[in-house]
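Residue numbers (this note's numbering): -5 to 135. Step one of this worksheet: look at the structure below.
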Amino acid sequence: MAALALAGIFISLYLTLYKLGVIGELSCSIGSCETVNTSKWSRFLGLPVAAWGLLFYLDVFAIALIGTFQRFEDERIISIVLVAEAAVGVLFSAWLTYLELGVIHAICIWCVTSAVVVTLIFLVSVADLREIGTGSSLTPA
């Protein structure tokens, strides 16, 4: 899961740096990345959407790493938090994909790749939660 989050960090950092003007032009072999990333929908609550993605992926990465510590590896709460967070990420990505297809009428391959990554994080986190089962408590020992 941490590896997936790391991939998401790189994608969202790249898009955030573009949106902040650090990178002059996006490398986009498929779709219309510039159209999507310069649209009025590319900001949410005052921040670039990509920056929100960066915060999301950094948080998932940190929680996934914490979950690898021996003390927390069987703690159900880590898995529950990751499933909940990933579910929100999938819903947000679905909304953004709807905006791309239905409103902006352009696709950003980086955005689609990020949506795939967050969906994979969700699926892996659900599988992890199922694997832990009901054997662990919700509170630390």
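Even glycine gets a Cβ: it sits at the ideal position worked out from N, Cα and C. Quick caveat: nothing in here was measured; it's all calculated off a predicted structure.
Original post:
Taking C-alpha atoms, which residue in Ile5, Ser73 and Ala1 lies nearest to Val43?
Top reply: Here the closest residue by C-alpha is Ile5.
Subject >> Extent of the continuous alpha helix (DSSP H) to which Ser6 belongs >> reply: Its alpha helix (DSSP H) spans residues Ala(-4) to Lys13.
Original post:
Is it right to say Phe50 is buried, meaning 16 or more other beta carbons lie within 10 angstroms of its own, or is it exposed?
Top reply: For Phe50, the number of other beta carbons within 10 angstroms of its own is at least 16, and it is reported as buried.
Original post:
Does the Cβ of Leu95 have 16 or more other Cβ atoms within 10 Å, making it buried, or fewer, making it exposed?
Top reply: Counting Cβ neighbours within 10 Å, Leu95 comes out exposed, since fewer than 16 surround it.
**OP:** Find out if the Cβ-Cβ distance for the pair Lys112, Gly2 is shorter than 9 Å.
**Re:** A small fix is needed here, since residue 112 is Val in this sequence, not Lys. Result yes, Cβ atoms of Val112 and Gly2 sit closer than 9 Å.
Original post:
Taking the DSSP output, what are the residues bridged to Arg37?
Top reply: Under DSSP, Arg37 shares a beta bridge with Pro42.
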